[in-house]
Amino acid sequence: MNQSVATPQSKSISARKGMPIAGSKYSPFPVPQLDDRTWPSKRIEKAPIWCSVDLRDGNQALIDPMGHDRKERMFRLLVDMGFPEIEIGFPSASQTDFDFCRWAIEHGNVPDELDLQVLVQCRPELITRTFEALEGAKSPIIHFYNSTSELQRRVVFAKDVGGIKQIATDAAKMIMDMAAKAGGGYRFQYSPESFTGTELDVALEICNAVIEIVKPTADNKLIVNLPSTVEMNTPNIYADQIEWMCRNLDNRENLIISLHPHNDRGTGIAATELGLMAGADRVEGTLFGNGERTGNVDVVTLALNMYTQGVDPELDCTDINRMKEVYEYSNQLKIAERHPYVGELVYTAFSGSHQDAINKGMKARRSANSPIWEVPYLPIDPQDVGRSYEAIIRINSQSGKGGIAYILQADYGLNLPRNLQVEFREIIQNITDEEGKELPSKRIHDEFQSLYVTQPDARIKFVDHHTMPDPEQKGRRILTAEITDNGVTKNIEGKGTGPIDGFVDALSKYLGVTMSVVDYSEHSLQQGSDASAISYVEMAYPDGKLFGVGINDNIVSASLEAIVSAANRVIAK
1 MNQSVATPQS KSISARKGMP IAGSKYSPFP VPQLDDRTWP SKRIEKAPIW CSVDLRDGNQ
61 ALIDPMGHDR KERMFRLLVD MGFPEIEIGF PSASQTDFDF CRWAIEHGNV PDELDLQVLV
121 QCRPELITRT FEALEGAKSP IIHFYNSTSE LQRRVVFAKD VGGIKQIATD AAKMIMDMAA
181 KAGGGYRFQY SPESFTGTEL DVALEICNAV IEIVKPTADN KLIVNLPSTV EMNTPNIYAD
241 QIEWMCRNLD NRENLIISLH PHNDRGTGIA ATELGLMAGA DRVEGTLFGN GERTGNVDVV
301 TLALNMYTQG VDPELDCTDI NRMKEVYEYS NQLKIAERHP YVGELVYTAF SGSHQDAINK
361 GMKARRSANS PIWEVPYLPI DPQDVGRSYE AIIRINSQSG KGGIAYILQA DYGLNLPRNL
421 QVEFREIIQN ITDEEGKELP SKRIHDEFQS LYVTQPDARI KFVDHHTMPD PEQKGRRILT
481 AEITDNGVTK NIEGKGTGPI DGFVDALSKY LGVTMSVVDY SEHSLQQGSD ASAISYVEMA
541 YPDGKLFGVG INDNIVSASL EAIVSAANRV IAK
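Heads up: the sequence shown runs through residues 1 to 573, numbered per the UniProt record's numbering.
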């Protein structure tokens with residue numbers, strides 16, 4: 001009697017490969033209970049207050065931190081982009097940061113609408129040094145913080161909740177006293193660092209204690225920054241945490257709730273967007289997501305996500321190439337080719353079906369003459385961020401007729417008939433398969449010219465023609481044409497209803513091959529009365545069909561050259 005043998009499946013694939021079983025080493029982080037959440041039905045309808053932390057959070061994550069020149073170049077870019085708030089450093093942490101802070105205040109030409117922000121831990125000697133660095137600044141933001149998470153309370157500080165709260169409140173009292181003695185004009189921000197690892201009731205207790213000391217008003221609101229210092233859960237959980245805090249914080253109307261997400265799980269953008277839907281007012285992040293570990297949230301992607309939904313991002317992203325250049329110079333980091341909105345390949349399609357859809361979308365938009373951007377596979381017009389259409393479609397072995405047609409139309413003004421697109425695509429496909437690499441636009445055009453127009457090795461060349469009425473048949477004409485056959489001048493004659501018909505008849509008799517025109521189209525290559533014309537002729541012959549192309553200042557001559565082009569390809573078969 002046969003018995004089935006069960007295959008053991010008790011171990012996961014990762015465990016069988018040597019990784020510890022997930023549940024034996026990692027446990028899920030606690031999640032808040034918020035059954036009446038409202039954020040899922042909300043939309044982002046306006047830009048948040050943006051704060052760049054490139055010069056602090058971004059800088060501390062670099063292998064080679066920025067010197068003054070690299071910082072200044074980044075600072076100038078951030079100012080030009082219109083950030084309303086820029087964190088310029090941690091002046092009590094190093095002389096370099098202190099000196100840059102002084103430079104920004106004294107020589108940075110800070111616009112009136114820009115507030116500078118500095119970071120400081122809740123330590124008395126660091127707070128004192130911070131006020132020294134800010135002397136003479138206009139409405140600077142003092143951003144003080146301490147870590148509040150259960151893990152850090154237990155492992156790093158060995159303090160209970162009361163001890164951690166006292167660190168925050170002692171710092172708040174000292175900062176408020178020093179600000180009053182300095183004559184006021186300061187703004188304040190508090191962060192319960194590692195907020196996402198802090199129990200919500202603990203975070204609330206500590207934040208409310210700070211709020212009670214700062215006593216924010218409508219004219220000087222307190223920024224309560226709720227950082228995802230380490231991204232620990234799915235974005236919806238962060239949104240629940242933000243909505244819960246927004247509901248329960250004291251004096252909410254005089255608070256600015258700020259997000260400071262990191263990207264440890266790869267969902268920093270989504271977490272930020274959901275956090276804004278949950279009630280946050282402000283976002284701290286960096287250009288293209290530089291920052292510790294996997295980075296801070298990318299404010300450029302956030303801003304352009306809003307822009308493509310019809311929301312003014314209130315940041316100037318019109319020169320994304322400059323932004324990329326400064327990012328790579330100042331940070332000494334490279335941006336990935338697939339990075340949203342800025343990567344080298346993000347406005348490029350290699351897939352044939354994608355290229356065809358983009359090509360048709362571009363044509364439809366031109367025909368509709370609508371200001372609304374609707375092009376398949378392109379959520380944003382590349383020109384809006386300073387990129388060009390040239391790189392949208394590039395040709396490799398995966399490309400289709402639509403992509404090739406788009407390049408020839410966009411770069412050279414050639415509007416290929418659909419059947420010619422199919423025919424030429426097969427020729428380009430053979431080249432890319434053989435060479436195994438992308439073909440640039442010029443190479444594609446050169447191949448087209450050589451095959452259809454110039455035909456350097458062709459047997460037949462068109463020289464001239466004239467026609468006269470056929471005395472024997474009313475409505476028909478006799479065509480006499482001068483051609484060269486391998487360099488020897490020949491005169492040929494044919495009959496038809498017009499020059500095209502008569503020339504095909506003449507060539508067919510001369511070459512001994514029956515040919516007929518099955519499709520014909522033409523268009524101008526430029527604007528104006530002296531523009532050259534291009535003609536496309538699809539020719540049928542006993543073994544099939546193929547195209548010829550002619551270009552001439554005279555439309556009739558262009559048509560006859562196209563017939564010669566097709567005939568040369570027929571006799572070369």
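Every residue gets a Cβ at the ideal spot worked out from N, C-alpha and C, and that includes glycine. It should be emphasised that the depicted structure is a prediction, and the values quoted were computed from it without experimental measurement.
Collapsed DSSP secondary structure at residue i in the structure displayed
i: I563; result: helix
i: A6; result: Confidence at A6 is low in this model, with a pLDDT of 47, below 50, so the placement of that residue should be treated as unreliable; the coordinate-derived value is given next. Of the three classes helix, strand and coil, the one that applies to A6 here is coil, per DSSP.
i: N554; result: coil
i: F462; result: strand
i: T318; result: coil
i: I21; result: coil
i: W50; result: strand
i: V518; result: strand
i: R569; result: helix
i: T467; result: strand
i: Y406; result: helix
i: V385; result: helix
i: R43; result: coil
i: N331; result: helix
i: L378; result: strand
i: R252; result: helix
i: residue 593; result: The structure shown does not extend to residue 593, since the chain is modelled only from 1 through 573, so no value can be given for it.
i: I63; result: coil
i: R37; result: coil
i: Y186; result: coil
i: A180; result: helix
i: P30; result: coil
i: G548; result: strand
i: M81; result: helix
i: M1; result: Its pLDDT being 43, under 50, M1 is placed unreliably in this model, and the coordinates cannot settle the point.
i: L345; result: coil
i: E337; result: coil
i: S399; result: coil
i: S372; result: First, the residue type needs correcting, since residue 372 is Ile and not Ser in the sequence shown. Three-state result, I372: coil.
i: E193; result: strand
i: L414; result: coil
i: L525; result: coil
i: P261; result: strand
N- and C-terminal bounds of the alpha helix (DSSP H) containing residue i
i: C207; result: L200 to V214
i: T432; result: R418 to E435
i: I358; result: G352 to A368
i: V297; result: Run containing V297: none; DSSP gives neither H nor E here.
i: L274; result: G268 to M277
i: K509; result: P499 to L511
Endpoints, the beta strand (DSSP E) within which residue i is located
i: T489; result: V488 to G496
i: N225; result: L222 to S228
i: V118; result: D115 to Q121
i: D451; result: Rather than Asp, the amino acid found at residue 451 in this sequence is Leu. It is not in any beta strand (DSSP E) - L451 carries neither H nor E in the DSSP assignment.
i: Y536; result: A533 to Y541
i: D485; result: R477 to D485
Inter-residue CB distance, residue i and residue j (contact presumed, cutoff 8 Å)
i: V342; j: F424; result: About 33 Å separates the two Cβ atoms, so there is no contact after all.
i: T148; j: F195; result: 7 Å
i: A567; j: L525; result: Rounded, the Cβ-Cβ distance is 23 Å, inconsistent with contact.
i: residue 604; j: C101; result: Any property of residue 604 remains undetermined from this structure, which presents the chain solely from 1 to 573.
i: residue 580; j: Q117; result: This structure leaves residue 580 out entirely; the chain is present only between 1 and 573.
i: T267; j: P235; result: 5 Å
i: A58; j: G275; result: Going by the sequence as given, residue 58 is Gly instead of Ala. With a Cβ gap of about 20 Å, G58 and G275 do not count as contacting.
Using 8 Å as the Cβ pair cut-off and three pairs as the minimum, do the segment 354-365 and the segment 265-284 touch? no
So, do the segment 461-480 and the segment 495-506 have three or more beta carbon pairs nearer to each other than 8 Å? yes
May I have a chain-ordered list of the beta strand (DSSP E) segments no shorter than 3 residues that lie completely inside the segment 88-164? 115-121 and 141-147
Quick check: the segment 405-420 against the segment 437-447, are there 3 or more CB pairs under 8 Å? yes
Touch test, the segment 426-434 against the segment 539-556, Cβ-Cβ under 8 Å, three pairs minimum: no
Report yes or no: do the segment 87-95 and the segment 51-60 share at least 3 C-beta pairs separated by less than 8 Å? yes
Evaluate contact between the segment 200-217 and the segment 178-186, counting only Cβ atoms and requiring at least three cross-stretch pairs below 8 Å. no
Tell me, please, whether the segment 303-316 touches the segment 28-47 by the rule of three or more beta-carbon pairs shorter than 8 Å. yes
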